[in-house]
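For reference, each letter of the sequence shown is one residue, going 12 to 779 in the working numbering.
Note that CB positions come from ideal geometry on N, CA and C, so glycine has one too.
Small disclaimer: the values here were computed from a predicted structure and weren't measured.
Scroll down for the structure; my scribbles are underneath it.
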Amino acid sequence: MVQSSVLGFPRMGKLRDLKKATEAYWGDKISRDELLSEGKRLRLAHWQIQKDAGVDVIPSNDFAFYDQILDHHQLFGTIPERYTKYNLHPLDEYFAMGRGLQKEGVDVPALEMVKWFDSNYHYVKPALQDNQVFKLAAEPKPVAEFLEAKAAGITTRPVILGPVSFLTLAKADRGQSVDPITLLDKLVPLYVELLEKLKAAGAEDVQIDEPVLVFDLAEKSKAAFKPAYEKIGAIGAKGPRITLTTYFGDIVHNIDVLANLQSLYAIHVDLVRNPEQLDTVIAALGPNQVLSAGVVDSRNIWKTNYKAAIEKVENAIQKLGKDRVVVATSSSLLHVPHTLASEKTLDDEVRDWFSFAVEKTAEVVVIAKAVTEGPAAVRAELEANAKSVQARASSKRTNDPTVKARQAAVTEEMHNRKSPFPTRHAEQGKTLKLPLFPTTTIGSFPQTKEIRVQRNKFTKGEITPAEYEKFIEKEIEEVVKIQEELDLDVLVHGEPERNDMVQYFGERLTGYVFTTHAWVQSYGSRCVRPPIIVGDISRPAPMTVKESKYAASITKKPMKGMLTGPITCLRWSFPRDDVHQSVQAQQLALALRDEVVDLEAAGIHVIQVDEPALREGLPLRSGSERVAYLKWAVDSFKLSTAGVTDGTQIHSHFCYSEFQDFFHAIAALDADVLSIENSKSDAKLLQVFIDQAYPRHIGPGVYDIHSPRIPSEQEIKDRLEEMLQYLTPQQLWVNPDCGLKTRQWRETKAALEGMVAAAKYFRAKYAQ
Ligand SMILES: CN1c2c(nc(N)[nH]c2=O)NC[C@@H]1CNc1ccc(C(=O)N[C@@H](CCC(=O)N[C@@H](CCC(=O)N[C@@H](CCC(=O)O)C(=O)O)C(=O)O)C(=O)O)cc1
Ligand SMILES: N[C@@H](CCS)C(=O)O
Ligand SMILES: [Zn+2]
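Structure below.
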């Protein structure tokens, strides 16, 4: 019998219940016990959904109150002393690591948070010490959650991140120099201990995620892999059977570390991304080892094409037999929304094309049944699926000849600014007249409860468009006034009209559809509702000009227009899977080019085109795929921005600091000013700007906006001082790491006051 398996389920709940409970706990509106019982309710509900769907292998320990990797910091005792010293309750210590804490004598910043592989999910990076001691938690969470499910009559397969991935995704804490992977021998015994505890609790199976196998692993990590798993496997029957999972890429280049690893019961591979790896992986399996075939896409919302998925699974069965193949989701379903059933406003044509987590759970069951019992057992499902797939392929919604014609007319020249940077800089100086160390923000200001409530009323038709517009104007006025009082140099309108930096544009572009409840966790309690690209994209009307023009009209200071770039619009949407992403990116670029030109014509001479998703789109392995991606990604940005005159200053923003491996692409964007994240990472990363003799302007973020903690003026000065070791005073802009929409006004004002004061200090110092 071919079993069905889910690698992880989204934890927010149908109505973002976890977000609401967590934020209520942070705001002292519910007690710790109430939060803990809400977590328990959600876990049970999610296990029950999978059980009711008939899933054979249901995951546990995929739940987390903030981040599943952060859970592992507590599981293995890698909590830096700056958190443990306060003797907080473990849940509060956990949140302090995730989001910082500044309360009742405690003042500690958050740990660094970075992208989870090439997704829009963020994990909290383990920060390890030179003399790191690991210690298994007294009551390990994977054991507790396994027992919780067992008590509810549901047998689960606990999920843990493997030791090689845990260490590869970790870093040396600030001021430390340990190479995390050298700690593997110390960490492995804890895995052995944990597996024994799981087995003693009744777990027959465990899922160990080793997604780093899709990377070009450093030799050291690669060499350490096999011995580590041999040690883990040595517990034999005292431990559960291990299914080792990989996802988001192929593992062909690392297959030698898995060959003959008898300690593994099964190996899971992502056959949605890389179906071509199947034969190599099968050839590397030992005589009794099982293949977990990830054939249901966990990263996108398209209905699975049953015929194609069944073919992949049958192919594996032919070589291995039915007992050695499992049908699975390609990775955790964390990356897709909860259920399509909540969507009441989608039209029937497109609704029929989609499948969210609950529906994908049912899909693995149907595929497993089809290959176990034969297609007749699920004939109705297969026929309905074939009809949906066919309907989408032939729909008029997907194809717009006008867009195609415009793409065919794109020339090389359209990608380049008229003059090189020095000429542009001189031109821009004449109108902008900015001081040294110019201060600015990244665009958004606090999205208050009031803003959300008014937008909600507007969406529901409870207030008129004119009333909403008036409200937004009032918000813009307030934001402009505050920035003038703070004495910032380049102002923004604050983005109060935007629900999200991608969804907002999706809602204004043809070719997109959007949802009402399709939330996906981005980090901590924060969720996004990615719009869905279903067809060719075009811009029927200006999208941002009205608000930017209004903002510019009420101040004498330069006003920065704010747009989301083509790659970020693409990657933070659910893209089409029937057209290459480069084609979709170019369509977005053309739509944005029109917007940029319209903003300039409206008198906006500083325009920021955010591309925070540029890095996350980078193929996970170096090589030709990366080169090709960077070409079309950079071209899309350039196409969107190059329509302006020399006097218009183009900014771009990236809220991550890992740009070393694709610095040349950032440089190739030819943006006049870049703002990047830097407050939580080492300023040494800026060395690349010296090494590459970067000629243009840069604002590395001077404080972390993900945390409610207010940085002191001195901290910001120290940060700027460090930056000046790598950047010239003429190059350096002063700004936060990213937009301020998640912050409260009190924190925002206090932090920006410190930031402006710090900039003025350096301005005075360098004026002498
Ligand atoms: C900059 N980042 C972004 C990423 N991805 C994006 N798509 N957008 C980003 O900005 N990735 C990397 C980073 C970090 N990530 C995030 C992600 C999410 C947020 C955030 O603040 N999310 C909000 C939801 C935003 C939104 O869409 N809001 C809507 C709906 C608001 C709402 O909940 N309305 C209520 C009713 C109103 C009420 O009574 O309150 C409802 O629908 O029930 C809107 O504003 O209209 C979040 O809250 O999670 C930030 C950074
Ligand atoms: N302009 C956006 C960028 C976020 S990455 C903002 O400020 O929220
Ligand atoms: Zn950002």
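Are residue 219 and residue 266 close, meaning C-beta to C-beta below 7 Å? By 1-based counting over the sequence shown, the position of residue 219 is 208. By 1-based counting over the sequence shown, the position of residue 266 is 255. With contacts defined as CB atoms closer than 7 Å, residue 219 and residue 266 fail to qualify as a contacting pair.
Residue ranges of each beta strand (DSSP E) run of no fewer than 3 residues wholly in the segment 652-698, ordered along the chain? Complete beta strand (DSSP E) runs here, min 3: 660-665, 684-687.
Residues proximal to ligand 3 by C-beta, any heavy atom closer than 5 Å: Here the list is 623, 666, 749.
Would you call the segment 635-650 in contact with the segment 589-601, where contact means no fewer than 3 C-beta pairs closer than 8 Å? Enough Cβ pairs lie closer than 8 Å, so yes.
Between residue 42 and ligand 2, is there a pair consisting of the residue's CB and a ligand heavy atom that are separated by less than 6 Å? Along the sequence shown, read from residue 1 onward, the residue named residue 42 stands at position 31. No, the Cβ of residue 42 stays beyond 6 Å of every heavy atom of ligand 2.
Delimiting residues of the alpha helix (DSSP H) encompassing residue 715: Within the sequence shown, residue 715 is the residue found at index 704, counting from 1. DSSP places residue 715 outside any alpha helix (DSSP H), giving it a letter other than H or E.
In angstroms, rounded to a whole number, what distance separates the CA positions of residue 653 and residue 714? On the sequence shown, residue 653 is found 642 positions in, with the first residue counted as 1. On the sequence shown, residue 714 is found 703 positions in, with the first residue counted as 1. In a straight line, the C-alpha of residue 653 is about 31 Å away from that of residue 714.
Count the other C-beta atoms from every protein chain shown that fall within 10 angstroms of the C-beta of residue 661, then say buried if there are 16 or more, exposed otherwise. Looking up residue 661 in the sequence shown gives position 650. Answer is buried; the Cβ neighbour count reaches 16.
Could you tell me if the beta carbon of residue 744 falls within a distance shorter than 6 Å of some heavy atom in ligand 1? Within the sequence shown, numbered from 1, the residue matching residue 744 stands at position 733. Incorrect: residue 744 has no Cβ contact closer than 6 Å to ligand 1.
Can you tell me where the alpha helix (DSSP H) with residue 114 in it begins and where it stops? Position 103 of the sequence shown, counted from the first residue, corresponds to residue 114. Residue 114: not part of any alpha helix (DSSP H); member of the beta strand (DSSP E) spanning 112-114, first to last residue.
Tell me whether residue 464, by its Cβ, gets closer than 6 Å to a heavy atom of ligand 1. Position 453 of the sequence shown holds residue 464. Relative to ligand 1, the beta carbon of residue 464 is positioned inside 6 Å of a heavy atom.
Any heavy atom of ligand 2 within a distance shorter than 6 Å of the CB on residue 11? Residue 11 falls outside the range modelled here, since the chain spans only 12 to 779, and no answer is possible.
Skipping 5 residues on each side, what residues in its chain have a beta carbon closer than 6 Å to that of residue 519? Position 508 of the sequence shown, counted from the start, is the residue given in the question as residue 519. Only 554 meet the Cβ criterion.
Consult DSSP for residue 527 and reduce its assignment to one of helix, strand or coil. Within the sequence shown, residue 527 is the residue found at index 516, counting from 1. Of the three classes helix, strand and coil, the one that applies to residue 527 here is coil, per DSSP.
Since residue 500 contacts residue 446 with CB under 8 Å, what's their CB separation in whole angstroms? Working through the sequence shown from its first residue, we reach residue 500 at position 489. Working through the sequence shown from its first residue, we reach residue 446 at position 435. The Cβ separation is near 6 Å, so the contact holds.
Are the beta-carbon atoms of residue 491 and residue 566 separated by less than 7 Å? As a working note, residue 491 is residue 480 in the sequence shown. As a working note, residue 566 is residue 555 in the sequence shown. Contact annotation: residue 491 and residue 566 have beta-carbon atoms nearer than 7 Å.
What residues match up with residue 441 in a beta bridge as DSSP calls it? In the sequence shown, residue 441 corresponds to position 430, counting from 1. Looking at the DSSP assignment, residue 441 forms no beta bridge with any residue, so it has no partner.
So the candidates are 453, 718, 326, 506; which of them puts its Cα closest to the Cα of residue 292? For the purposes of this step, residue 292 is taken as residue 281 along the sequence shown, with counting starting at 1. Measuring from the Cα of residue 292, the nearest candidate turns out to be 326.
Under 6 Å Cβ to Cβ from residue 287, same chain only, skipping five residues before and after it: list those, please. Here residue 287 is taken as the residue at index 276 of the sequence shown, counted from 1. Hits under 6 Å: none found.
CB residue 255 to CB residue 221, shorter than 7 Å? What you label residue 255 is simply residue 244 of the sequence shown in a count that begins at 1. What you label residue 221 is simply residue 210 of the sequence shown in a count that begins at 1. A Cβ-Cβ contact shorter than 7 Å links residue 255 with residue 221.
What ranges does the beta strand (DSSP E) occupy inside the segment 261-305, keeping only unbroken runs of at least 3 residues that lie completely in it? Complete beta strand (DSSP E) runs here, min 3: 275-281.
With contact counted as at least three CB pairs below 8 Å, one residue from each stretch, are the segment 331-345 and the segment 597-617 in contact? Touching, no.
C-beta atoms of residue 283 and residue 341 nearer than 7 Å: What you label residue 283 is simply residue 272 of the sequence shown in a count that begins at 1. What you label residue 341 is simply residue 330 of the sequence shown in a count that begins at 1. Yes, Cβ-Cβ distance for residue 283 and residue 341 is below 7 Å.
Residue 3 versus residue 729 - alpha carbon distance: Because the chain is modelled from 12 through 779, residue 3 falls outside the range shown and cannot be assessed.
Going straight from the alpha carbon of residue 768 to that of residue 739, what length do you get? Your numbering for residue 768 matches position 757 in the sequence shown. Your numbering for residue 739 matches position 728 in the sequence shown. Using only the alpha carbons, I get a separation of about 19 Å.
Please tell me whether residue 578 and residue 625 are closer than 7 Å, where the distance is taken between their beta carbons. Position 567 of the sequence shown, counted from the start, is the residue given in the question as residue 578. Position 614 of the sequence shown, counted from the start, is the residue given in the question as residue 625. At the C-beta level, residue 578 and residue 625 come within 7 Å of one another.
Give me the Cα-Cα distance between residue 656 and residue 558, rounded to the nearest whole angstrom. Your numbering for residue 656 matches position 645 in the sequence shown. Your numbering for residue 558 matches position 547 in the sequence shown. The alpha-carbon of residue 656 is positioned some 22 Å away from that of residue 558.
Where does the unbroken beta strand (DSSP E) through residue 333 begin, and where does it stop? Position 322 of the sequence shown, counted from the first residue, corresponds to residue 333. From DSSP, residue 333 is part of no beta strand (DSSP E); its letter is neither H nor E.
Is residue 455 near ligand 2, with its Cβ less than 6 Å from a heavy atom? Sequence index remark: in the sequence shown, residue 455 carries index 444 (1-based). Residue 455 has its Cβ nearer than 6 Å to a heavy atom of ligand 2.
In this structure, does DSSP put residue 585 in helix, strand or coil? Working through the sequence shown from its first residue, we reach residue 585 at position 574. Note: residue 585 maps to strand in three-state DSSP.
Thinking C-alpha only, which one of 378, 353, 365, 76 is nearest residue 318? In the sequence shown, residue 318 corresponds to position 307, counting from 1. From the listed residues 378, 353, 365, 76, the smallest Cα separation to residue 318 is found for 378.
Rounded to a whole number of angstroms, what is the C-alpha to C-alpha distance between residue 225 and residue 272? Start at 1 with the first residue of the sequence shown, and residue 225 comes out as number 214. Start at 1 with the first residue of the sequence shown, and residue 272 comes out as number 261. Cα to Cα, the separation comes out at about 18 Å.
Does the segment 51-70 come into contact with the segment 153-170, if we say contact requires no fewer than three beta-carbon pairs (one atom in each stretch) closer than 8 Å? Under the three-pair Cβ rule at 8 Å, the segment 51-70 counts as touching the segment 153-170.
Please classify residue 603 as buried or exposed, where buried requires at least 16 other C-beta atoms within 10 Å of its C-beta. Working through the sequence shown from its first residue, we reach residue 603 at position 592. The residue in question, residue 603, is buried, as its Cβ has 16 or more Cβ neighbours within 10 Å.
Endpoints, the beta strand (DSSP E) within which residue 244 is located: Start at 1 with the first residue of the sequence shown, and residue 244 comes out as number 233. No beta strand (DSSP E) contains residue 244, which is instead part of the alpha helix (DSSP H) from 230-244.
Does residue 462 come out as helix, strand or coil in the three-state DSSP assignment? The residue given as residue 462 occupies position 451 in the sequence shown. The three-state reading of DSSP puts residue 462 in helix, counting H, G and I together.
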